[in-house]
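Take a look at the structure below.
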Amino acid sequence: MSHPTTMLLTARDIHKRFGALVVLEGVDFSVAHDEAVGIVGPNGAGKTTLLSILSGAQPSSSGAVAYRERDVTTLDSAARCRLGIVRTHQIPRPFGGMTVFENVFVAAANGRCKRAEAYDRVVDALALCGMSEVANRRAETLGLLDRKRLELARALGADPGLLLLDEIGGGLTDAEASELVEAIQELRRRRIAVVWIEHIVHILLQVVDRLVCMDAGRVIADGEPRAVMADPAVVEAYLGGDVHGAA
Numbered sequence: 001m002s003h004p005t006t007m008l009l010t011a012r013d014i015h016k017r018f019g020a021l022v023v024l025e026g027v028d029f030s031v032a033h034d035e036a037v038g039i040v041g042p043n044g045a046g047k048t049t050l051l052s053i054l055s056g057a058q059p060s061s062s063g064a065v066a067y068r069e070r071d072v073t074t075l076d077s078a079a080r081c082r083l084g085i086v087r088t089h090q091i092p093r094p095f096g097g098m099t100v101f102e103n104v105f106v107a108a109a110n111g112r113c114k115r116a117e118a119y120d121r122v123v124d125a126l127a128l129c130g131m132s133e134v135a136n137r138r139a140e141t142l143g144l145l146d147r148k149r150l151e152l153a154r155a156l157g158a159d160p161g162l163l164l165l166d167e168i169g170g171g172l173t174d175a176e177a178s179e180l181v182e183a184i185q186e187l188r189r190r191r192i193a194v195v196w197i198e199h200i201v202h203i204l205l206q207v208v209d210r211l212v213c214m215d216a217g218r219v220i221a222d223g224e225p226r227a228v229m230a231d232p233a234v235v236e237a238y239l240g241g242d243v244h245g246a247a
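Oh and the sequence shown: position 180 is 180 in UniProt numbering, straight run, nothing missing.
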């Protein structure tokens with residue numbers, strides 16, 4: 001796949017402070033149309049905070065975010081979702097008393113698609129995530145893998161142009177993670193841009209065009225995935241000196 005050049009999302013000079021605690025310091029980040037970008041880094045590097053700022057769940061202390069060349073810095077997550085920036089969370093929290101279908105329908109009805117199109121979008125999202133057979137089950141009865149699938153299906157129901165994934169592979173077996181990878185690869189074929197935070201590096205390497213490594217609130221490497229994984233600064237900060245063991 002050739003490297004895309006047109007930027008879908010651009011974040012410039014992002015800072016985030018909680019009182020005296022500096023979580024992000026001068027982060028520049030961009031995603032091109034149809035591109036998949038992986039983000040890695042040690043715990044506390046600022047990865048999830050960056051994703052929260054990109055999605056509108058948290059405001060930045062300073063800096064700017066643009067999506068499709070529109071300044072969205074002051075827009076909240078609901079407004080950004082309606083524009084096509086959609087996020088999943090590390091710990092899925094579906095509406096437990098609602099069915100799988102109803103959970104995805106709520107997302108579709110509040111996303112970019114018209115209400116008349118919501119039913120078809122839900123059916124498609126459930127099929128893509130392998131959840132058609134459990135569409136009528138209550139979400140509270142699902143195991144971890146199906147909760148992860150439902151989290152992804154809800155995001156797809158909102159019709160994303162940019163999908164932000166936060167450790168969606170966490171807690172899964174290798175076989176279960178492979179199933180999610182297949183679904184995300186299908187999203188790539190549908191030309192949906194993806195930003196994916198993940199500690200399971202070998203999963204990311206199956207999907208992403210570009211890899212970004214963060215440490216202590218800064219981007220320390222950004223480029224071709226294998227080159228980033230071999231960067232001495234990444235090996236030291238993220239992998240503890242054992243690049244091959246983690247990948």
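Where a beta carbon is used, it is the ideal one built from N, C-alpha and C, also for glycine.
Taking the beta carbon of T141 as the centre, do at least 16 other beta carbons fall within 10 Å, making it buried, or is it exposed? Taking the sequence shown and counting its residues from 1, one reaches residue 141 at position 141. Its Cβ having fewer than 16 others within 10 Å, T141 is exposed.
Does DSSP put S30 in a helix, a strand or coil? Here the question's residue 30 lines up with position 30 in the sequence shown. Assignment of S30 by DSSP, reduced to helix, strand and coil, places it in the strand class.
Which word fits L187, buried or exposed, when buried means at least 16 other C-beta atoms lie within 10 angstroms of its C-beta? Indexing the sequence shown from 1 puts residue 187 at position 187. Sixteen is the threshold: when 16 or more other Cβ atoms of the shown chains lie within 10 Å of the Cβ of L187, as they do, the residue is buried.
Cα-Cα separation between R82 and V194, rounded to whole angstroms: Within the sequence shown, numbered from 1, the residue matching residue 82 stands at position 82. Within the sequence shown, numbered from 1, the residue matching residue 194 stands at position 194. Computed Cα separation, rounded: 17 Å.
Taking C-alpha atoms, which residue in I53, D13 and A135 lies nearest to V27? In the sequence shown, counting from the first residue as 1, residue 27 sits at position 27. Comparing Cα-Cα distances from V27 to each of I53, D13 and A135, the minimum goes to D13.
Which of the three DSSP states, helix, strand or coil, is assigned to I14? In the sequence shown, residue 14 corresponds to position 14, counting from 1. For I14, the secondary structure class from DSSP, reduced to helix, strand or coil, is strand.
Going by Cα to Cα distance, which pick from E198, T10 and A155 is closest to R70? Along the sequence shown, one-based indexing puts residue 70 at 70. Of the candidates E198, T10 and A155, T10 places its Cα closest to the Cα of R70.
Just to check my reading of the structure: M214 and K16 have Cβ atoms closer than 8 Å, yes? What is that Cβ distance to the nearest angstrom? In the sequence shown, counting from the first residue as 1, residue 214 sits at position 214. In the sequence shown, counting from the first residue as 1, residue 16 sits at position 16. About 12 Å; that fails the 8 Å criterion.
Quick check on this structure: which residue in V37, V23 and A116 has the alpha carbon closest to the alpha carbon of T49? The residue given as residue 49 occupies position 49 in the sequence shown. Comparing Cα positions, the closest option is V23.
In its own chain, which residues sit with a C-beta less than 8 Å from the C-beta of V134, not counting the 5 before and 5 after it? Start at 1 with the first residue of the sequence shown, and residue 134 comes out as number 134. The residues are V100, L142 and D146.
Do the segment 118-126 and the segment 72-91 touch if we need at least three Cβ pairs shorter than 8 Å? no
Tell me the rounded alpha-carbon separation between L204 and R115. Along the sequence shown, one-based indexing puts residue 204 at 204. Along the sequence shown, one-based indexing puts residue 115 at 115. Rounded to the nearest angstrom, the two C-alpha atoms are 34 Å apart.
Segment contact flag, the segment 157-177 with the segment 98-113, C-beta cutoff 8 Å, min 3 pairs: yes
Within 10 angstroms of its Cβ, does R190 collect 16 or more other Cβ (buried), or is it exposed? One-based indexing of the sequence shown puts residue 190 at position 190. Answer is exposed; the Cβ neighbour count stays below 16.
So for D71, helix, strand or coil by DSSP? For the purposes of this step, residue 71 is taken as residue 71 along the sequence shown, with counting starting at 1. Three-state result, D71: strand.
Starting from the Cα of L180, find the closest Cα among M229, G130 and L164 and give me that residue. Taking the sequence shown and counting its residues from 1, one reaches residue 180 at position 180. Checked all of M229, G130 and L164; the closest Cα to L180 is G130.
Spatially closest choice to I197 from P42, A237 and V106, by CA coordinates: Here residue 197 is taken as the residue at index 197 of the sequence shown, counted from 1. Looking from the CA of I197, the closest CA among P42, A237 and V106 belongs to P42.
With a threshold of 8 Å on Cβ separation, who are the neighbours of V212 within its own chain once the five nearest residues in sequence on each side are excluded? Indexing the sequence shown from 1 puts residue 212 at position 212. F29, V37, G38, I39, V40, V219, A221, D222 and V228.
Determine the contact status of A45 and G217, defining contact as a CB-CB distance below 9 Å. Mapped onto the sequence shown, residue 45 falls at position 45. Mapped onto the sequence shown, residue 217 falls at position 217. Contact flag set, yes.
Sequence-distant residues of its chain with Cβ nearer than 7 Å to L150 (five each side left out): Start at 1 with the first residue of the sequence shown, and residue 150 comes out as number 150. Closer than 7 Å at Cβ, skipping near neighbours: P92, P94, V100, N103, M131, A139 and L142.
Closer than 6 Å by C-beta to A66: which residues in its own chain qualify, once you throw out the five before and the five after it? Chain order, please. One-based indexing of the sequence shown puts residue 66 at position 66. Once the five neighbours on either side are set aside, the close Cβ partners of A66 are T10.
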